[in-house]
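Encoded as structure tokens, the structure appears first; notes follow it.
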Amino acid sequence: MGAALPHWSVTVTAAAGAAGGRLLLPLGALFTAALVALILATGWTLTREAGRNWEEARRKTDFVANVSHELKTPLTSIRLHAEMLEAGRVPAAEKQRHYLRVLVGESRRLARLVDAVLAFSRLERGGPPLRLRRVVLADAAAGVCAAAAPAVAAAGMRLEA
């Protein structure tokens, strides 16, 4: 039966001296061929669906891994800066204000990430579509640069929009 059903075989036999054998054999062969075609079509459909389900499960697993990584980054930054403030390791008032700005900025980033995941979840469930809006690219780039500025400065680099 081929690669899809490797352990299956079809055997057609006719009884010796059976009455109406001339008509029975072609009808039996036709019925058998139709049955085999149905089985193969069903097997092919099930195999295709299993492949689709496997691919969808893989995409969902990748999505969860990526979201977890994206959520962990601001959480780590928030925890680091909060622990430094809590331990009193930042005595200068200006440095404390800087740490507080980082905490606020990272918590906003985390909120945006959670909102994006929830919006994606609503879309997956067939909820209302996203509302598109115009964005000034220069403002968006400036926001990204401002968010990345502390890490870029700590690495000894300069970032310009």
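Under the numbering used here, the first residue of the sequence shown is numbered 1384, with each subsequent residue one higher. Here a beta-carbon is modelled for each residue, glycine too, at the ideal position from N, C-alpha and C.
How far does the alpha helix (DSSP H) with residue i in it extend, from its first residue to its last?
i	result
V1497	A1476 to E1507
V1527	L1520 to A1537
Go ahead and label residue i buried or exposed: buried means 16 or more other beta carbons lie within 10 angstroms of its beta carbon, across all protein chains shown.
i	result
P1457	buried
H1390	exposed
S1504	exposed
S1356	With the chain represented from 1384 up to 1544, any question about residue 1356 goes unanswered, as that position is not in the structure.
E1469	exposed
E1489	buried
Going by C-alpha to C-alpha distance, which of the options sits closest to residue i?
i	options	result
L1496	T1415, R1480 and H1452	H1452
A1534	V1500, L1515 and Y1482	Y1482
T1394	A1412, L1423 and A1531	A1412
R1462	V1485, A1532, V1447 and E1477	V1485
L1418	L1493, S1392 and T1430	S1392
G1426	L1388, Q1479 and G1434	L1388
A1529	L1520, L1542, A1537 and V1518	L1542
Is the beta carbon of residue i within less than 7 Å of some heavy atom of the ligand FMN?
i	result
A1476	In terms of ligand content, the structure shown is empty, and the ligand FMN therefore cannot be addressed.
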